[in-house]
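There are 2 protein chains.
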Amino acid sequence: MAQQPDTVTRILDTAEVLFAERGFAETSLRNITSKAKVNLAAVNYHFGSKKALIQAVFARYLDPFTVRFHASLDELEADYAGRVIPLEALLETMARSVLEVPAERNSLKVFMRLLGLAYSQAQGHLRRYIQEEYGSVFTRFTELVRLATPELPDAERFWRLHFMLGTVIFTLSGLDALRDIAEKDYGEHVSVRDLVRRLRPVVVAAMNAPLPDPSPVRREAS
Amino acid sequence: MAQQPDTVTRILDTAEVLFAERGFAETSLRNITSKAKVNLAAVNYHFGSKKALIQAVFARYLDPFTVRFHASLDELEADYAGRVIPLEALLETMARSVLEVPAERNSLKVFMRLLGLAYSQAQGHLRRYIQEEYGSVFTRFTELVRLATPELPDAERFWRLHFMLGTVIFTLSGLDALRDIAEKDYGEHVSVRDLVRRLRPVVVAAMNAPLPDPSPVRREAS
DNA sequence: TGTCATTGGAAACAATTGTTTGAATATGCC
DNA sequence: GGCATATTCAAACAATTGTTTCCAATGACA
Numbered sequence: 001m002a003q004q005p006d007t008v009t010r011i012l013d014t015a016e017v018l019f020a021e022r023g024f025a026e027t028s029l030r031n032i033t034s035k036a037k038v039n040l041a042a043v044n045y046h047f048g049s050k051k052a053l054i055q056a057v058f059a060r061y062l063d064p065f066t067v068r069f070h071a072s073l074d075e076l077e078a079d080y081a082g083r084v085i086p087l088e089a090l091l092e093t094m095a096r097s098v099l100e101v102p103a104e105r106n107s108l109k110v111f112m113r114l115l116g117l118a119y120s121q122a123q124g125h126l127r128r129y130i131q132e133e134y135g136s137v138f139t140r141f142t143e144l145v146r147l148a149t150p151e152l153p154d155a156e157r158f159w160r161l162h163f164m165l166g167t168v169i170f171t172l173s174g175l176d177a178l179r180d181i182a183e184k185d186y187g188e189h190v191s192v193r194d195l196v197r198r199l200r201p202v203v204v205a206a207m208n209a210p211l212p213d214p215s216p217v218r219r220e221a222s
Numbered sequence: 001m002a003q004q005p006d007t008v009t010r011i012l013d014t015a016e017v018l019f020a021e022r023g024f025a026e027t028s029l030r031n032i033t034s035k036a037k038v039n040l041a042a043v044n045y046h047f048g049s050k051k052a053l054i055q056a057v058f059a060r061y062l063d064p065f066t067v068r069f070h071a072s073l074d075e076l077e078a079d080y081a082g083r084v085i086p087l088e089a090l091l092e093t094m095a096r097s098v099l100e101v102p103a104e105r106n107s108l109k110v111f112m113r114l115l116g117l118a119y120s121q122a123q124g125h126l127r128r129y130i131q132e133e134y135g136s137v138f139t140r141f142t143e144l145v146r147l148a149t150p151e152l153p154d155a156e157r158f159w160r161l162h163f164m165l166g167t168v169i170f171t172l173s174g175l176d177a178l179r180d181i182a183e184k185d186y187g188e189h190v191s192v193r194d195l196v197r198r199l200r201p202v203v204v205a206a207m208n209a210p211l212p213d214p215s216p217v218r219r220e221a222s
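Chains A and B are the protein sequences, given in the same order.
Per UniProt numbering, residue 1 is the first one in the first sequence, and the count goes up by one each step.
Per UniProt numbering, residue 1 is the first one in the second sequence, and the count goes up by one each step.
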C-alpha cells in the first residue's frame, strides 16, 4: 500500500481542489482538513493562517512556472540571437510553459481556476502577493511582446494583452461548465490541448487587428 | 431634502455595490443593512434569503437589458428585412444594449463586475437562475451570429463567442484595477466608451480569424 | 376612532467560521 | 535509553454568519 504523502502535501492537494471548485471564502478549513484526513489545527500549525495557505497553494504552481518560463524565454532569446522574436513564437512559448507545469500533477484545470479566482475574488492580499512575487516574469514577457509588435501604440498593446488574458483565463477557468454545454450541443469532447489549438489563431488575429478609429474629438476642440 | 428611496431600493442599491466590490460570500447582510441604514431583518423580510437578494440584484439589471436587447434585435431584423445581418451590426447592437441599461444608474462597472462574479463565483444557484431566466435572448443572439458567419463550424463559433465573452467580462469587470495600471504607465485616462472602441476591431478580428489547424490524428488511427 | 395588515426594529437563535490552547504522541539525535 | 524537538489531536475560544422571533410603530380603510 502506497505510503500517504505527508500532512503538508495532503493539505495542499486537498485545498487546491476545493479552492478551485468553490472559491476561497466558500471553502472552510474544516472542509479541507476533514477531506485531507488531518487535524484541523494542522493548517494553522504548518502554514500559520488561511491566507498563508492560499498563498502557498499558488506558490506551488507559480514557482515552477516562473522558473520554466524564464528558462524558455532564455532559450528563445538565444535562438534568435538578438533578432526580434516574432509574436507567434512568444505566444507559443507562453502556452507551452503554462501547459507544462501542472502536467506533472495533471491539474491544468485547477491551475487556471486558481488564476481566475485570483483576479475575480476579493482577496486583495492575493493580488498583491502575486504581483510582488511573480510580476517580474510578466514584465519581461510584455517587453518582448513590445519588440515583436512595434507598430502597436503602447496603450493599445497593453489593452490587447489584457483582452487576451481575459480570454484565456475566462475560458480555461470556466472550462468545466463550458465543456458541458459544448458536449451537449455538439457532442464532441473538448480537451485542453484542443482549446489551446483553437485559441492560437484567435489570439494572433486579435493582437494583429487593425487599430480602432481614433477616439472622437471633444466638441469644444473644434 | 430629497426623500429617501424605500427600503427595498436602498437594500438593492447598497447590495449591488458591495457585491461588486467584494463578492457574495465576502459581503454579509450586516454589511449591507448597516450601510443602507435599514434593519438587519429587512433583507429576510423583503427578499426571503440572501440567495434571493442576490438574484434580485441581477434581475434589476438583466430584466431591462433583455427587454432592450430583444427590442434592438427586432429593429435590426426589420431593417435587414430577411437579409443576413452582418456580424459587425450584431456586435454593435449588443454593445449598445449593454451600455444603455446601466447608464440610467451610472454603474456599468457594477453590472460587469456582477456578470464576472456570476461566472467565477461558486454560487451554482446563480448560474442556473440566469440560464433559466435569461437564456432565451442569448440563444436568439447566437442564432443570428450563426447566420452571419456561415463559414464557421458550429463548435468553432461556440468557442469563439465564449472567448470574446471572456475578453469583455474580464476586462470590464476588472476595469478599475486595469485602469489604475494603464493610467500609471501611459498617463491617459480610459473611459468605458474608449474601451469599447478598442474592443470592437479586436472582437471582429478574433471572430474572423483563420480556422485552427485540424486537431492531430491519434497515432493508432494511422 | 378603532381595526387590521404591513413594515420597522431590537434581540436572540443556532450554526459555522478561523484561531488558539495544552496535553499526548511521535520523531530524531546523542 | 533518554532527552529535546516536532507533530498530532481534541477541545475550547471568540467572532461572525444567516435567520427567526416577538413586539412596536405605521398607515389605510371602515
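In this text, a Cβ means the ideal position worked out from N, Cα and C, and glycines have one as well.
Just so it is clear, the structure is predicted and the values come from calculations on it, not from any experiment.
CB-CB length for residue i against residue j, believed under 8 Å
| i | j | result |
| --- | --- | --- |
| G23(B) | L117(B) | 6 Å |
| T167(B) | F163(A) | 5 Å |
| I11(A) | A36(A) | 5 Å |
| V145(A) | L161(A) | 7 Å |
| L29(A) | K50(A) | 6 Å |
| S112(A) | L73(A) | Position check: residue 112(A) holds Met in this sequence, whereas Ser was assumed. Wrong, their Cβ atoms sit about 21 Å apart, outside the cutoff. |
| P64(B) | V17(B) | With a Cβ gap of about 18 Å, P64(B) and V17(B) do not count as contacting. |
| A25(A) | A25(B) | 4 Å |
| A41(B) | T7(B) | Not confirmed; about 11 Å, so no contact. |
Start-to-end residues for the alpha helix (DSSP H) that takes in residue i
| i | result |
| --- | --- |
| residue 250(B) | Residue coverage of chain B in this structure runs from 1 to 222, which leaves residue 250(B) outside it and unanswerable. |
| A25(B) | Careful: A25(B) lies outside any alpha helix (DSSP H) and carries neither H nor E. |
| E143(B) | 124-148 |
| residue 239(A) | Absent from the structure is residue 239(A), since the part of chain A shown begins at 1 and ends at 222. |
When the options are compared against residue i, the one with the closest alpha-carbon
| i | options | result |
| --- | --- | --- |
| T9(B) | H46(B), L29(B), E21(B) | H46(B) |
| E156(B) | S215(B), S173(B), H189(B), T171(B) | S215(B) |
| Y186(B) | Y119(A), F158(A), V67(A), A81(A) | F158(A) |
| F141(A) | T66(A), R197(A), Q121(A), A20(A) | T66(A) |
| V110(A) | D6(A), D13(A), G48(A) | D13(A) |
| Y129(B) | A95(B), E183(B), V192(B), A52(B) | A52(B) |
| L99(A) | E75(A), I85(A), R68(A) | R68(A) |
| H70(B) | R96(B), P86(B), V84(B) | R96(B) |
| E188(A) | T33(B), A25(B), P153(B), Y119(B) | P153(B) |
| L147(B) | V17(B), A25(B), Y80(B), G48(B) | Y80(B) |
| G174(B) | E21(A), G124(A), V43(A) | G124(A) |
| L165(B) | Y119(B), T7(B), L108(B) | Y119(B) |
| I169(A) | A42(A), L108(A), E143(A) | L108(A) |
| P86(A) | L195(A), E143(A), V196(A), E132(A) | E143(A) |
| E133(A) | L62(A), N31(A), Q121(A), V196(A) | L62(A) |
| P5(A) | R200(A), V38(A), L195(A) | V38(A) |
Closer than 7 Å: residue i CB and nearest the ligand ADP heavy atom
| i | result |
| --- | --- |
| G82(B) | For the structure depicted, the ligand ADP is absent and the ligand set is empty, with no information on it obtainable. |
Should the stretch 199-216 of chain B be called in touch with the stretch 205-216 of chain A, which here means at least 3 C-beta pairs below 8 Å? Touching, yes, given that three or more Cβ pairs across the two stretches are closer than 8 Å.
Check whether the stretch 136-153 of chain A touches the stretch 178-191 of chain A, counting contact only when three or more Cβ pairs, one atom from each stretch, lie closer than 8 Å. no
Using 8 Å as the threshold, is the stretch 51-59 of chain B in touch with the stretch 79-96 of chain B, meaning 3 or more CB pairs across them? no
Ranges of the beta strand (DSSP E) found wholly within the stretch 43-112 of chain B, counting only runs of at least 3: Here no run is fully enclosed.
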